[in-house]
Amino acid sequence: DDVEKEVAEQVENYLNSGKEVVKTSETKKNVPVTVYAESTPNPKVMKFVANKKLVINTTEYKNIDEAKDSPLAQKLFHFPFVSEIFFDENYVSITKYDIAEWEEIVMEIREFIRNYIQEGNEVISAESSSAKPKQTQSSAPETENLDDTSKQIVAILDEYIKPAVASDGGNIMFNSYDPETKNVSVVLQGACSGCPSSTFTLKNGIETMLKDMLHGKVNSVEAING
Numbered sequence: 016d017d018v019e020k021e022v023a024e025q026v027e028n029y030l031n032s033g034k035e036v037v038k039t040s041e042t043k044k045n046v047p048v049t050v051y052a053e054s055t056p057n058p059k060v061m062k063f064v065a066n067k068k069l070v071i072n073t074t075e076y077k078n079i080d081e082a083k084d085s086p087l088a089q090k091l092f093h094f095p096f097v098s099e100i101f102f103d104e105n106y107v108s109i110t111k112y113d114i115a116e117w118e119e120i121v122m123e124i125r126e127f128i129r130n131y132i133q134e135g136n137e138v139i140s141a142e143s144s145s146a147k148p149k150q151t152q153s154s155a156p157e158t159e160n161l162d163d164t165s166k167q168i169v170a171i172l173d174e175y176i177k178p179a180v181a182s183d184g185g186n187i188m189f190n191s192y193d194p195e196t197k198n199v200s201v202v203l204q205g206a207c208s209g210c211p212s213s214t215f216t217l218k219n220g221i222e223t224m225l226k227d228m229l230h231g232k233v234n235s236v237e238a239i240n241g
């Protein structure tokens with residue numbers, strides 16, 4: 016009984032104080048942002064994953080001059096150890112120079128990205144978002160101009176290869192197909208670019224799948240770093 020009386024008094028005092036009983040929508044605007052770091056097959060690349068969507072289209076920056084449309088990328092390039100930046104969906108993959116080890120810098124970058132997003136800053140500028148993106152979600156920007164075999168290759172890359180590559184913090188794009196040599200050329204971005212395991216993955220995974228699914232139309236796959 017004593018406990019009930021005490022609780023009742025506390026509730027009554029709170030109500031009499033005029034404070035909000037239910038918080039309004041204004042107090043819910045700042046949803047806590049979480050960012051976690053995830054290693055990739057490429058030792059030079061770390062993937063920083065947020066609990067919210069960051070970009071509409073995949074975008075890659077090789078240097079600060081290319082990052083004019085991304086305020087976040089520009090700020091990240093000010094870190095002396097940041098070499099390249101890749102955005103996709105809800106994460107950013109960062110390639111580092113060899114001047115620092117990940118265990119020395121990962122917390123600093125993670126906190127910087129989290130605070131930047133939490134403060135409501137732009138990842139990609141609004142003007143750029145409405146313009147034609149540098150890279151589209153498809154493995155080939157203009158599939159309508161491709162031959163039938165190339166369209167099939169793009170479809171296979173998008174459905175089977177791209178999701179697996181994205182989970183490792185990278186991206187793969189169709190570049191070209193030569194019907195004479197039956198050679199497929201693809202562009203690797205993010206964690207895949209320059210990755211020691213990329214060549215092995217291509218030869219054993221992508222090439223085998225394309226050969227199996229497109230009987231007699233593909234002989235080899237070669238990669239170009241984006």
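In the working numbering, the protein residues as written are 16 to 241.
For every residue, glycine included, the Cβ atom is placed at its ideal position computed from N, Cα and C.
Treat the numbers as computed from the prediction; the structure is a model and nothing was measured.
Checklist entry - Of all the options Pro-56, Lys-68, Pro-58, which has the alpha carbon lying nearest to the alpha carbon of Val-50? => result Mapped onto the sequence shown, residue 50 falls at position 35. With distances taken between Cα atoms, Val-50 lies closest to Lys-68.
Item to check | Identity of the residues DSSP links to Gln-63 by a beta bridge | outcome: Within the sequence shown, residue 63 is the residue found at index 48, counting from 1. In the sequence as displayed, the identity of residue 63 is Phe instead of Gln. BP columns for Phe-63 point to Ala-52, Val-107.
Checklist entry - Looking at C-alpha atoms only, which residue of Glu-195, Asp-162, Val-201, Lys-197 is the closest neighbour of Ile-176? => result By one-based count along the sequence shown, residue 176 stands at place 161. Here the closest residue by C-alpha is Val-201.
Checklist entry - How do the segment 92-109 and the segment 72-80 stand: do at least 3 beta-carbon pairs fall below 8 Å, yes or no? => result yes
Checklist entry - Can at least three beta-carbon pairs, one atom from the segment 220-236 and one from the segment 163-181, be found at a separation below 8 Å? => result yes
Next on the checklist: Can you tell me whether Phe-96 is helix, strand or coil according to DSSP?
Outcome noted: Indexing the sequence shown from 1 puts residue 96 at position 81. Correct three-state label for Phe-96: coil.
Next on the checklist: With H, G and I counted as helix, E and B as strand and the rest as coil, what does DSSP make of Leu-203?
Outcome noted: Position 188 of the sequence shown, counting from 1, holds the residue named residue 203. DSSP places Leu-203 in strand when its eight states are reduced to three.
Item to check | Where Ile-239 falls: helix, strand or coil (DSSP) | outcome: Reading the sequence shown from its first residue, position 224 is the one you call residue 239. Residue state, collapsed to three classes: strand.
Item to check | DSSP-derived helix/strand/coil call for Glu-123 | outcome: By one-based count along the sequence shown, residue 123 stands at place 108. Helix.
Item to check | Burial state of Met-122 (16 or more Cβ within 10 Å) | outcome: The residue labelled residue 122 in the question sits at position 107 within the sequence shown. Exposed is the call here.
Checklist entry - Which one or two residues does DSSP pair with Tyr-76 in a beta bridge? => result Taking the sequence shown and counting its residues from 1, the one referred to as residue 76 is at position 61. In DSSP, Tyr-76 forms a bridge with Ile-100.
Next on the checklist: Does the beta-carbon of Pro-58, which I'm using as the reference point, lie nearer than 6 Å to any heavy atom of the ligand SAH?
Outcome noted: With respect to the ligand SAH, the structure shown offers nothing to examine, as it has no ligands at all.
Item to check | Contacting residues, own chain, Cβ-Cβ under 6 Å from Val-236 (five flanking each side not counted) | outcome: By one-based count along the sequence shown, residue 236 stands at place 221. The answer, listed in chain order, is Val-199, Leu-217, Ile-221, Glu-222.
Checklist entry - I think Val-48 touches Ser-85, with their Cβ atoms under 8 Å apart; what is that distance to the nearest whole Å? => result The residue labelled residue 48 in the question sits at position 33 within the sequence shown. The residue labelled residue 85 in the question sits at position 70 within the sequence shown. With 8 Å as the limit, Val-48 and Ser-85 do not qualify as a contact, their Cβ atoms being about 18 Å apart.
Next on the checklist: Taking the straight line between their C-alpha atoms, what separation do you get for Asn-193 and Asp-183?
Outcome noted: The residue you call residue 193 lines up with position 178 of the sequence shown. The residue you call residue 183 lines up with position 168 of the sequence shown. First, the residue type needs correcting, since residue 193 is Asp and not Asn in the sequence shown. The alpha-carbon atoms of Asp-193 and Asp-183 are separated by roughly 28 Å.
Checklist entry - Counting along the chain, where does the beta strand (DSSP E) carrying Ile-187 start and finish? => result Here the question's residue 187 lines up with position 172 in the sequence shown. It spans 185-193 - the beta strand (DSSP E) in which Ile-187 sits, taken as one unbroken run.
Item to check | Exposed unless 16 or more other CB atoms sit within 10 angstroms - verdict on Gly-231 | outcome: In the sequence shown, the residue the question calls residue 231 occupies position 216. It counts as exposed.
Item to check | Integer-rounded CB distance, given that Thr-110 should sit under 8 Å from Val-60 | outcome: Position 45 of the sequence shown holds residue 60. Position 95 of the sequence shown holds residue 110. About 5 Å; that satisfies the 8 Å criterion.
Checklist entry - Would you call the CB atoms of Arg-125 and Ala-52 closer than 7 Å? => result By 1-based counting over the sequence shown, the position of residue 125 is 110. By 1-based counting over the sequence shown, the position of residue 52 is 37. Yes; because the gap between Cβ atoms is below 7 Å, this pair is in contact.
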